[in-house]
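Each remark here refers to the structure printed beneath this line.
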Amino acid sequence: MKMVSAAKLRKAQDKIVRLRPYANKLHEMLVNLSQSLADSEVENIYGRVSLLKRFLLLWSPLTEASAEQFNTNVINETRRIISEKYADQYRKGIWHS
């Protein structure tokens, strides 16, 4: 069983390593775009800071039998974040679970 898990982990690590060049290029493109928008006189509506009125939190549980504890941890952490960071929205009824 450990050999199977090690093989799966190695495969996942290899995929991540292969995606790094794409992530680096995407980061470079976003930095350049951000700088060009900051330098221009055109208003960037996507860069404005505004009050968060509503938000959507999505989570898709893992379906493997071995992921039960992981799913439980994700649910518990989500509930903790909601109770700490979004307590006002939750009390006002803006939060829907």
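Going by my numbering, the first residue of the sequence shown is number 946, and it counts up by one from there.
Ideal Cβ placement from N, Cα and C applies to all residues, glycine included.
If you're wondering where the values come from, they're calculated on a predicted model, not measured in any experiment.
Who are the Cβ neighbours of residue i in its own chain at under 7 Å, not counting the five residues just before and after it?
i, result
"asparagine 1016", "Pro1006 and Leu1007"
Less than 7 Å between the beta carbons of residue i and residue j, yes or no?
i, j, result
"tyrosine 1035", "isoleucine 1026", "no"
Suppose the cutoff is 8 Å on Cβ atoms and the five residues either side in sequence are ignored; what does the same chain contact list for residue i look like?
i, result
"alanine 1010", "none"
Using DSSP with H/G/I as helix, E/B as strand and the rest coil, what is residue i?
i, result
"arginine 1036", "helix"
"glutamate 1009", "coil"
"leucine 1001", "coil"
"isoleucine 1020", "helix"
Can you list, in chain order, the residues of its chain whose CB lies under 6 Å from that of residue i, leaving out five sequence neighbours each side?
i, result
"lysine 1037", "none"
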